[in-house]
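Residue numbers (the UniProt record's numbering): 1 to 103. Ideal Cβ positions, reconstructed from N, Cα and C, are used throughout, including at glycine. To start, the structure under review is shown below, and the notes come after it.
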């Protein structure tokens, strides 16, 4: 069972990536409607998933991380394996689509 890790610094993200093989990063903002709709889906995914670590980053509080990962719209997902970016997606997605996308 995974949980959603709220990341507040680049150092915390680097540590999370270094210590986990597969990391899903969700870039969001408190004012974003689709982000609010996606959060319970992400929480549900986290409870059902194993072998993946989930990070959530607020783009307003961490603009440097959003810039580093070329986030142009939110919600935006980045999937890393062994520290390397392997997939990216923007926009809301339902749980079934998220599960397929992460595979």
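DSSP beta-bridge partners of residue i
{"i": "residue 12", "result": "In DSSP, residue 12 forms no bridge with anything."}
{"i": "residue 52", "result": "The partner list for residue 52 (beta bridge, DSSP) is empty, contrary to what the question assumes."}
{"i": "residue 114", "result": "Past the boundaries of the shown model lies residue 114; the chain is included only from 1 to 103, so the question cannot be answered."}
Supposed close pair residue i, residue j - CB separation, criterion 8 Å
{"i": "residue 17", "j": "residue 57", "result": "That pair is no contact at about 12 Å."}
{"i": "residue 4", "j": "residue 43", "result": "6 Å"}
{"i": "residue 71", "j": "residue 27", "result": "5 Å"}
Closest Cα partner of residue i within the set the options
{"i": "residue 81", "options": "5, 36, 41 and 102", "result": "102"}
{"i": "residue 23", "options": "8, 46, 62 and 68", "result": "46"}
Beta-carbon proximity list for residue i, same chain, < 6 Å, skipping 5 on both sides
{"i": "residue 50", "result": "none"}
{"i": "residue 87", "result": "79"}
Backbone secondary structure at residue i - three-state DSSP
{"i": "residue 36", "result": "helix"}
{"i": "residue 108", "result": "Residue 108 lies beyond the residue range present for the chain, which begins at 1 and ends at 103; the question has no answer from this structure."}
{"i": "residue 27", "result": "strand"}
{"i": "residue 73", "result": "coil"}
Cβ-based neighbour list, residue i, same chain, cut-off 7 Å, excluding 5 preceding and 5 following
{"i": "residue 21", "result": "81 and 82"}
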